[in-house]
Amino acid sequence: MCVVGAGLAGLLTALELIERGYSVVVLERDRPLAGESGKTTAHLTAVLDTRYFELARMHGEAAVPRIIDSHRRAITHLERVANLHDIDCDFERVSAFLAAETEEQARQLEREHAVSHAAGLGCQLLRNAPLPSGAGVALHVPDQAKFDPAKFAQGVLRRLQALGCVVVSPVLVEKVEPGDLCRVTTNGGDVVEARNVVVASNSPINDTFKMHTKQTAYRTYALSFEIPGVQWHDLYWDMEDPYHYVRTTADGLLIVGGEDHEVGQEDDPQQRWTRLEDWTRERIPVAGNVAHRWSGQVLEPVDGLAYIGQNPGDSQVYIATGFSGNGMTYSAITALVLADRIAGLENPWAEIFEPSRKPKSVSALASYVSGQANVAAQYLDWLRPGDAASTETLPAGEGMILRRGLKKLAVYRDPAGALHELSATCPHLGGVVSWNRAEKTWDCPCHGSRFDCYGKVLNGPAASNLSSAASAEAREERAPKQRRAQ
Ligand SMILES: Cc1cc2nc3c(=O)[nH]c(=O)nc-3n(C[C@H](O)[C@H](O)[C@H](O)COP(=O)(O)OP(=O)(O)OC[C@H]3O[C@@H](n4cnc5c(N)ncnc54)[C@H](O)[C@@H]3O)c2cc1C
Ligand code: FES
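Quick look at the structure:
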């Protein structure tokens with residue numbers, strides 16, 4: 373078996389496969405946990421980003437008990453792995469509170485309570501729930517959990533290595549070819565052959581188009597604050613759009629996150645941290661100094677459920693993507709669903725997460741169509757001028773898009789003043805990257821690929837780096853000659 377990606381989904385799947393007797397190699401582009409699993413805030417919960425009354429509309433009422441069951445069993449799976457392998461990761465069972473701040477949100481909570489309670493979530497609607505901002509209306513869901521994700525994942529990694537799993541990193545996988553014996557090719561030209569391949573690269577790098585029309589990439593932001601004495605242990609979310617969430621850690625930090633926006637479509641991402649801090653100080657005045665701030669990426673599926681199963685049309689190749697902000701439980705679901713599918717066993721959740729499913733409701737279809745219109749609009753960037761006419765005024769440590777004839781260049785001036793010219797063309801499907809001033813990265817607004825300031829790929833679906841401007845020009849010059857020779 374070959375697993376691409378050593379995030380939590382890849383590592384847990386590798387562990388489940390090894391425990392069932394398969395031999396597994398994991399290929400990782402950077403280092404294990406360098407992706408979103410290294411940035412998560414690790415609420416382990418069946419309170420999903422999409423409300424259950426919306427999921428009932430999109431997938432039918434009969435699907436809701438199965439969705440709830442999958443996430444609850446996923447929390448138990450994470451707990452079992454921690455206990456069985458003696459992983460000291462501060463795992464703690466806590467309550468979760470989804471809080472309403474307006475009357476409209478309170479009405480939505482009533483609907484949410486009715487649907488999720490009937491489907492077995494075991495929740496209560498409270499008028500005076502104990503919230504960090506004071507008592508308020510909230511849906512209380514007991515028996516959820518939190519842990520330290522880094523300690524947990526490091527424990528899984530140690531266990532995998534003890535069981536003989538080979539984790540190869542850094543190695544960039546560029547191609548996955550299905551077949552009786554699948555072929556996984558790296559950028560160094562090495563080939564791994566395996567009966568089955570699990571692409572757990574967060575955004576599937578093996579799929580050029582289909583899956584990326586069914587989900588949208590968002591940047592998401594988090595802050596941790598010092599807090600005098602840990603006052604709450606539970607998990608909290610509000611119902612704003614974009615939403616906010618709160619938890620505390622075992623070492624006495626308050627974590628607040630949210631303020632999501634579509635990748636490459638925000639002029640001033642720095643503002644998102646400012647808003648998050650303002651939101652916190654307004655509601656939780658005891659929050660002390662900001663200890664850390666970070667950001668990451670989440671993939672929102674058009675119909676609110678992750679895609680876990682066979683890559684459409686490719687037998688033996690499996691994917692796991694579209695996890696929203698629920699990727700901890702979805703990583704455990706991935707391990708259980710894909711290990712069953714590979715073993716040819718029935719799995720009670722396989723059908724609801726099937727990647728080839730089509731949007732079934734008008735609202736999912738509308739979300740799909742508006743997502744595609746948004747992507748199409750991003751290609752109009754090719755018609756727009758650059759950010760400025762020349763790089764003369766570009767400060768050190770900043771980047772800009774420069775138009776040179778028909779070409780667009782992504783130009784970065786390093787702290788020493790040297791200019792680095794890259795092609796601004798995203799290697800995935802040709803979108804124009806834009807400069808992210810807060811994170812010093814090049815972000816593609818089409819499907820969420822990101823690159824560091826020197827063009828190294830950070831987030832898929834792109835599976836290769838931005839080309840240098842010189843090599844892109846040389847390629848373009850060669851192309852007409854090659855066409856003449858054919
Ligand atoms: C700030 C933040 C807060 C979050 N909070 C929560 C939360 O509270 N609860 C929750 O359940 N979820 C949360 N999530 C979501 C969750 O963290 C993610 O969904 C989950 O970690 C994704 O796991 P993954 O294994 O799919 O992806 P990743 O952890 O990103 O792993 C994918 C791996 O694949 C590697 N890779 C990519 N391309 C290639 C390639 N071409 N070749 C080889 N390797 C490759 C990457 O380097 C990476 O290591 C949060 C996410 C963020 C960013
Ligand atoms: S991510 Fe698809 S074109 Fe850039």
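Just so we're aligned, residue 373 is where the sequence shown starts under the working numbering, counting upward by one.
We treat Cβ as the ideally placed atom computed from N, Cα and C, and that holds for glycine.
The beta carbon of Arg-465 is closer than 7 Å to those of Asp-515 and Ala-517 in its chain, skipping five residues each way along the sequence.
In terms of CA proximity to Asp-421, Val-670 leads the group Phe-524, Val-670 and Gln-526.
Counting only residues of its own chain and dropping the five nearest sequence neighbours on each side, Asp-402 has a CB closer than 8 Å to the CB of Ser-541 and Pro-542. CA-to-CA, the gap between Pro-404 and Ser-575 works out to about 16 Å. Contact annotation: the segment 520-539 touches the segment 377-389, with at least three C-beta pairs closer than 8 Å.
Counting along the chain, the unbroken beta strand (DSSP E) around Met-772 starts and ends at 770-776. Taking C-beta atoms as the reference points, Val-635 and Ala-594 fail to come closer than 9 Å.
The straight-line gap separating the alpha-carbon atoms of Asn-808 and Glu-718 is approximately 45 Å. A residue is called buried once 16 or more other Cβ atoms fall within 10 Å of its Cβ, and Gln-682 is buried on that count.
Here Ile-439 carries a helix assignment [DSSP, helix/strand/coil]. The segment 415-434 and the segment 475-484 touch, with three or more beta-carbon pairs separated by less than 8 Å. For Leu-801, the Cβ falls inside the 8 Å cut-off from some heavy atom of ligand 2.
Exposure of Asp-552 is indicated by the presence of fewer than 16 other C-beta atoms within 10 angstroms of its C-beta. In this structure, DSSP gives Glu-793 an extended state, which the three-state scheme calls strand. A residue is called buried when at least 16 other Cβ atoms come within 10 angstroms of its Cβ; Thr-588 meets this threshold and is buried. CA-to-CA, the gap between Leu-399 and Glu-723 works out to about 28 Å. Trp-609 is a Cβ neighbour of Ala-468, given a cutoff of 9 Å. In the three-state scheme derived from DSSP, where H, G and I count as helix and E and B as strand, Pro-504 is classed as coil.
Around Val-563, the same chain offers Arg-555, Val-556 and Thr-557 as residues with beta carbons nearer than 8 Å, after the five sequence neighbours per side are excluded. Annotation: the continuous beta strand (DSSP E) that includes Glu-631 extends over 625-634. In the DSSP assignment, Thr-693 is bridged to Tyr-679. Pairing Asp-579 with Pro-502 gives a Cβ-Cβ distance that is not under 9 Å. In this structure, Thr-557 has its CB at a distance of at least 8 Å from all heavy atoms of ligand 1. Asn-455 and Gly-601 have their alpha carbons spaced roughly 28 Å apart. Measuring C-alpha to C-alpha distances from Gly-393 to each of Ile-691, Glu-549 and Ile-714 identifies Ile-714 as the nearest.
In the DSSP annotation of this structure, the continuous segment of the beta strand (DSSP E) that includes Gly-668 starts and ends at 662-673. Residue pairing by DSSP puts Ser-806 in a beta bridge opposite Asp-815. With 16 or more other Cβ atoms from the protein chains shown falling within 10 Å of its own Cβ, Gly-699 counts as buried. By DSSP's assignment, Glu-598 forms a beta bridge with Leu-625. Excluding sequence positions up to five before and after Val-829, its CB lies within less than 6 Å of the CB of Phe-823 and Asn-837, all in the same chain and listed in chain order. Spatial neighbours of Gln-477 in its own chain (CB-CB distance under 7 Å, excluding positions within 5 residues in sequence) are listed in chain order as Met-611.
Judged by DSSP in its simplified three-state form, Arg-479 adopts helix.
Counting C-beta atoms within 10 angstroms of its own C-beta, Glu-631 has 16 or more neighbours from the protein chains shown and is therefore classed as buried. For His-449 and Glu-811, the gap between their C-alpha atoms comes out near 35 Å. No residue range can be given for Thr-763, since it is assigned to no alpha helix (DSSP H) and is classified by DSSP as neither H nor E.
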